[in-house]
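Quick note: the sequence shown uses my numbering, first residue 673, plus one each step. Take a look at the structure set out below.
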Amino acid sequence: MTQALYRKWRPRKWNEVVAQEHVVQTLRNAINAERVGHAYLFSGPRGTGKTTTARLLAKAVNCLSDDLSNRPCDECANCKAVNEGRFLDLIEIDAASNTSVEDVRDLRDRINYSPTDGRYKVYIIDEVHMLSTAAFNALLKTLEEPPPHAIFILATTEVHKIPATVLSRCQRHEFRRIPVAETVKTLRGICTEEGIEADDDALLLISRQSTGALRDAISLLDQLSSTGKSINLELAQNVLGTATNQLVFDLVDALVNNDPALGMVSIHKALDSGSDPRQYARQVVEYLRSLLLMQMGNEKAIEATRDVKTRMHAHSERIELNRLIEWVGLFNEAIGDLRTTWQPSLALEVAFARCLNPKSQPVNQSPETEIPANVSVTHKVDGPTAKPVEVEPRQPETELREKAKAAREPQPEPEPAEVEATGSEGSVTTQDVMAAWSRIRAEVKARRSQAEALLNSQRLVQVKGGTLVLGFQSETLKSKMENPENIEVTRRVIYNLLNADLPIQCIVVIGKDASGTGETSIEPDGLVNTAINLGGKLVHRD
Ligand SMILES: Nc1ncnc2c1ncn2[C@@H]1O[C@H](COP(=O)(O)OP(=O)(O)O)[C@@H](O)[C@H]1O
Ligand SMILES: [Mg+2]
Ligand SMILES: [Zn+2]
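See below:
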């Protein structure tokens, strides 16, 4: 198998790191001055260069070049050994798959041995927020008195989960999302080197879709180039699925036309097809913001294809500026609310409903703009300090559409639908679970993030004989998922969302394949493809 593009294009020298100048400059200064710290914490969104930078630092401190400013030189024996993954003094621990205390204890025992090949033993602990409390404590002991030859580089996407005691012992560096323009430029460079033909419009679409994660952008390019065709906008749209974009248009259409049913349907379609609710909300905000820029005469600042701009114009002409400002504000708030709500569609629904009910207009005076009956909003429309909102469990889309329709025509309040405990277990299929998968994960995450991380690492989801079968890559992951609390929280969330009480069985589904490359041995039974089509991603761990 050929190497994935994002691995092949992992920066080998400092100047290849994109858009993280603030971090790179500080680290280079430290190398030049031979004043490298003993503990670093790299935080920031995935795919922005944390692991890459950690390896560059590991390389630089062990590089044999005489010229300090040229470390890592990428040519000496040590640099080459790191590149090839055979440098013994670089130890990488993936906390997501080794949450046990033993690993860190083990590390503590071995840390006092001097480096074998280089000046420093460098420990990179990736996804460090996944360590258990006990493991953190063990790590802390080591961080308190690191031997002079040891350097720790911790990396995390969730810095708020790192204990303050650990934070205070590390030099912190925050990685930022890669701006669209820099992503496009990087992709263009890779295309040139790899002989990939791609239009500017297509690269722009890929870059926007990757929302600042360069790794994702490169992977998307990889995926598109593997079709063997020249990459134009149409191909990119087809492969990446512009479905989400369409649902953003639909939602704004609903706002412009004061059409509650279409709005609700768009929101639920987006979530049911596996979109991340925050991501969807961001796309809506971004779109509305573009309309704002357009109205303020700053169209040049909008990064969008010509086709999209035409559609934006049509919307822009029909909205007053002050309403637009309000809409941007409300959906922007929703992004924040989505972090804390247990009901992923709720914040979007409420934002949408509030957009249609401007402050001056009490909710009930306009039956046309009432929100569907399955959402009972109990807060005042004009207060930023909204009271909690009660919502009944989500209902299937068809039912929802009915309700939304009903809400448009003034009608007596329907009785809230009862959720029956007996439910429809028998009829829940693999497809149903897959379709709700991102929502299941979002809700599990809100309750128990460890369980969500495990769900995220699953390689197989299947409903078989009324049981939900989850496949994991290893016995370790499987047994972690089997922790009764993880099972319970997942089962409960599924019950709430799908109204079905599915027993959960965990199995191991992956082994080394015959070629020994360690690639997945899952048969392409369509399930993995379905998952990918629904917005899932295959996660390759380095
Ligand atoms: N800032 C960056 N500059 C250059 N390439 C990057 C950058 N961030 C990510 N990449 C690309 O994405 C891949 C994965 O990046 P990685 O460092 O593993 O991200 P993280 O650890 O933040 O999730 C790299 O191999 C590289 O191809
Ligand atoms: Mg990483
Ligand atoms: Zn070197």
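Note that CB positions come from ideal geometry on N, CA and C, so glycine has one too. Note that the structure is predicted; figures quoted are calculated from it, not measured.
Ligand 2 and residue 775: does the residue's C-beta get closer than 6 Å to at least one heavy atom of that ligand? Locating residue 775 in the sequence shown gives position 103, counting from the first residue. Residue 775: no, Cβ never under 6 Å from ligand 2.
Cβ separation of residue 689 and residue 723, assumed to be a contact under 8 Å, to the nearest whole Å: By one-based count along the sequence shown, residue 689 stands at place 17. By one-based count along the sequence shown, residue 723 stands at place 51. Rounded to whole angstroms, the Cβ separation of residue 689 and residue 723 is 12 Å, and the two are not in contact under 8 Å.
Outcome for residue 740 when other beta-carbon atoms lying within 10 angstroms are tallied against a minimum of 16: Locating residue 740 in the sequence shown gives position 68, counting from the first residue. Residue 740 comes out exposed.
Candidates 1135, 992, 931 and 1142, of which the one nearest residue 1128 by Cα: The count along the sequence shown starts at 1 and reaches residue 1128 at position 456. Nearest option by C-alpha distance: 1142.
Can you give the Cα-Cα distance for residue 834 and residue 1008, rounded to whole angstroms? Numbered from 1 along the sequence shown, position 162 holds the residue referred to as residue 834. Numbered from 1 along the sequence shown, position 336 holds the residue referred to as residue 1008. Cα-Cα distance, rounded: 21 Å.
In angstroms with no decimal places, state the Cα-to-Cα distance between residue 1099 and residue 1110. Against the sequence shown, residue 1099 aligns to sequence position 427. Against the sequence shown, residue 1110 aligns to sequence position 438. Put simply, the backbone Cα of residue 1099 is about 20 Å away from that of residue 1110.
May I ask you to report which of helix, strand or coil DSSP gives residue 1134? Translated into the one-based positions of the sequence shown, residue 1134 becomes position 462. Three-state DSSP puts residue 1134 in a strand.
For residue 831, which of helix, strand or coil comes out of DSSP? Locating residue 831 in the sequence shown gives position 159, where the first residue counts as 1. Three-state DSSP puts residue 831 in a helix.
Going along the chain, which residues of its own chain have a beta-carbon closer than 6 Å to the beta-carbon of residue 1167, five neighbours each way excluded? The residue you call residue 1167 lines up with position 495 of the sequence shown. Answer for residue 1167: 1173, listed in chain order.
Within the chosen definition, does the region 808-818 reach the region 850-861 through at least 3 CB pairs nearer than 8 Å? Contact between the region 808-818 and the region 850-861 is absent, because fewer than three Cβ pairs lie under 8 Å.
At what residues does the beta strand (DSSP E) containing residue 700 begin and finish? In the sequence shown, residue 700 corresponds to position 28, counting from 1. That residue, residue 700, is in no beta strand (DSSP E); its alpha helix (DSSP H) goes 693-704.
Is the Cβ-Cβ distance between residue 1105 and residue 1135 less than 7 Å? As a working mapping, residue 1105 is identified with position 433 in the sequence shown. As a working mapping, residue 1135 is identified with position 463 in the sequence shown. Contact: yes.
Would you check if the distance between the CB atom of residue 719 and the CB atom of residue 885 is smaller than 7 Å? Numbered from its first residue, the sequence shown carries residue 719 at position 47. Numbered from its first residue, the sequence shown carries residue 885 at position 213. Taking 7 Å as the Cβ cut-off, residue 719 and residue 885 qualify as a contacting pair.
Three-pair Cβ contact test at 8 Å for the region 773-785 versus the region 799-812: With the cut-off at 8 Å, the region 773-785 and the region 799-812 touch.
By DSSP, does residue 863 sit in helix, in strand, or in coil? Here residue 863 corresponds to residue number 191 of the sequence shown, with the count starting at 1. Shown here, residue 863 sits in a helix according to DSSP, grouped into three states.
What residue does the alpha helix (DSSP H) around residue 1124 start on, and which one ends it? Start at 1 with the first residue of the sequence shown, and residue 1124 comes out as number 452. Counting along the chain, the unbroken alpha helix (DSSP H) around residue 1124 starts and ends at 1121-1128.
Using the Cβ count rule (16 or more neighbours within 10 Å means buried), how would you classify residue 793? Here residue 793 is taken as the residue at index 121 of the sequence shown, counted from 1. Under a 10 Å Cβ-count criterion, residue 793 is classified as buried, with 16 or more other Cβ atoms of the shown protein chains found around its own Cβ.
Counterpart residues of residue 843 in DSSP-defined beta bridges: Taking the sequence shown and counting its residues from 1, the one referred to as residue 843 is at position 171. According to DSSP, residue pairing for residue 843 in a beta bridge involves 712.
Residue from 1107, 748 and 967 with nearest C-alpha to residue 981: For this step, residue 981 is matched to residue 309 along the sequence shown. It is 967.
Suppose contacts are defined by Cβ-Cβ distances below 7 Å. Is residue 863 in contact with residue 711 by that definition? The count along the sequence shown starts at 1 and reaches residue 863 at position 191. The count along the sequence shown starts at 1 and reaches residue 711 at position 39. Against a cut-off of 7 Å, the Cβ pair of residue 711 and residue 863 comes out as no contact.
Can you tell me which of the three DSSP states residue 1177 falls into? Residue mapping note: residue 1177 aligns to position 505 of the sequence shown, counting from 1. In the displayed model, residue 1177 falls within a strand according to three-state DSSP.
Taking 6 Å as the cut-off, is the beta-carbon of residue 722 closer than that to any non-hydrogen atom of ligand 1? The residue given as residue 722 occupies position 50 in the sequence shown. Residue 722 has its CB nearer than 6 Å to a heavy atom of ligand 1.
For residue 890 versus residue 896, is the C-beta distance shorter than 7 Å? Here residue 890 refers to the residue found at position 218 when the sequence shown is read from its first residue. Here residue 896 refers to the residue found at position 224 when the sequence shown is read from its first residue. Annotated as distal: residue 890 and residue 896, with beta-carbon spacing of 7 Å or more.
Return the first residue and the last residue of the beta strand (DSSP E) that residue 1139 is part of. By 1-based counting over the sequence shown, the position of residue 1139 is 467. Here the beta strand (DSSP E) through residue 1139 covers 1139-1144.
Taking the CB atoms as reference points, tell me whether residue 755 and residue 791 lie closer together than 7 Å. For the purposes of this step, residue 755 is identified with residue 83 of the sequence shown, where counting begins at 1. For the purposes of this step, residue 791 is identified with residue 119 of the sequence shown, where counting begins at 1. Result no, Cβ atoms of residue 755 and residue 791 do not sit closer than 7 Å.
Helix, strand or coil, according to DSSP, for residue 792 in the structure here? Translated into the one-based positions of the sequence shown, residue 792 becomes position 120. DSSP, read as helix, strand or coil, puts residue 792 in coil.
From residue 1176 to residue 742, what does the alpha carbon distance come to, in whole angstroms? Start at 1 with the first residue of the sequence shown, and residue 1176 comes out as number 504. Start at 1 with the first residue of the sequence shown, and residue 742 comes out as number 70. The alpha-carbon atoms of residue 1176 and residue 742 are separated by roughly 54 Å.
Contact check, residue 854 vs residue 753, beta carbons under 7 Å: Residue mapping note: residue 854 aligns to position 182 of the sequence shown, counting from 1. Residue mapping note: residue 753 aligns to position 81 of the sequence shown, counting from 1. It is not a contact, given that the beta carbons lie outside the stated cut-off.
Considering Cα atoms alone, identify which of 950, 1015, 1030 and 918 is closest to residue 983. Position 311 of the sequence shown holds residue 983. If we check each option's Cα against that of residue 983, 918 comes out closest.
Quick check: the Cα distance between residue 883 and residue 856, rounded to an integer number of angstroms? Residue numbering aside, residue 883 sits at position 211 when the sequence shown is read from its first letter. Residue numbering aside, residue 856 sits at position 184 when the sequence shown is read from its first letter. Near 12 Å, if we compare the C-alpha coordinates of residue 856 and residue 883.
Where do the ends of the alpha helix (DSSP H) carrying residue 766 lie? The residue given as residue 766 occupies position 94 in the sequence shown. From DSSP, residue 766 is part of no alpha helix (DSSP H) but of the beta strand (DSSP E) over 762-766.
Applying the criterion that 16 or more other CB atoms from any shown protein chain within 10 Å of the CB defines a buried residue, is residue 731 buried or exposed? Within the sequence shown, numbered from 1, the residue matching residue 731 stands at position 59. Label assigned to residue 731: buried.
Residues near residue 881 by beta carbon distance below 6 Å, same chain, minus five either side: Here residue 881 refers to the residue found at position 209 of the sequence shown. Cβ neighbours of residue 881 beyond the five flanking positions: 912.
Can you tell me which of the three DSSP states residue 1047 falls into? Locating residue 1047 in the sequence shown gives position 375, where the first residue counts as 1. With a pLDDT of 35 at residue 1047, under the threshold of 50, the predicted position of this residue should be treated as unreliable, and no value is reported.
DSSP state of residue 850, grouped into three classes? Position 178 of the sequence shown, counted from the start, is the residue given in the question as residue 850. Here residue 850 sits in coil by DSSP.
In the DSSP assignment, what are the bridge partners of residue 815? For the purposes of this step, residue 815 is identified with residue 143 of the sequence shown, where counting begins at 1. Answer is none; residue 815 lacks a bridge partner.
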